[in-house]
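A quick write-up on the structure given underneath.
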Amino acid sequence: MPGIASGESIKPASASVSRSQVEKSIKASFGGGFSVRDYIESNGRACASIEHLGNRYAVVSADLLDWSIVEASL
């Protein structure tokens, strides 16, 4: 996740995955207190930068159902 991990500005994912879909999926998986900072779609995966109580996480999902945390900044 080059853009998210390095803090570079990234562009939203293509129309195939909307911001609303990503937000709903993340809130369902992690809880309502999480907010989506940025997201992209790359190689069939949704990659997102999310935040909760000042803690930031980089997460990925191939199906918008199961998310994996790939980086945490606590």
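Just so we're on the same page, the numbering used here is the position in the sequence shown counted from 1, plus 117. Ideal placement from N, C-alpha and C gives every residue a C-beta, glycine not left out.
- Task: Could you check which residue in Asn160, Lys141, Ser137 has the C-alpha nearest to that of glycine 149?
- Result: Taking the sequence shown and counting its residues from 1, one reaches residue 149 at position 32. Nearest to glycine 149 by C-alpha distance, out of Asn160, Lys141, Ser137, is Lys141.
- Express the C-alpha separation of aspartate 155 and valine 187 in angstroms, rounding to a whole number. The residue you call residue 187 lines up with position 70 of the sequence shown. The residue you call residue 155 lines up with position 38 of the sequence shown. Rounded to whole angstroms, valine 187 to aspartate 155 spans 15 Å at the Cα level.
- Task: Could you tell me if alanine 175 is buried or exposed, where buried requires 16 or more neighbouring beta carbons within 10 angstroms of its beta carbon?
- Result: As a working mapping, residue 175 is identified with position 58 in the sequence shown. Answer is buried; the Cβ neighbour count reaches 16.
- In or out: alanine 163 buried (at least 16 other Cβ within 10 Å) or exposed? As a first step, residue 163 is located in the sequence shown; it is residue number 46 there, counting from the start. Taking a 10 Å sphere around the C-beta of alanine 163, we find 16 or more other C-beta atoms and assign the residue as buried.
- Task: Within its chain, find whatever has a CB closer than 7 Å to the CB of alanine 130; leave out the 5 residues flanking it on each side and keep chain order.
- Result: The count along the sequence shown starts at 1 and reaches residue 130 at position 13. The predicted position of alanine 130 is uncertain, since its pLDDT is 44 and thus under 50; a value taken from the coordinates is nonetheless stated next. The residues are Tyr156, Ile157, Glu158, Ala163.
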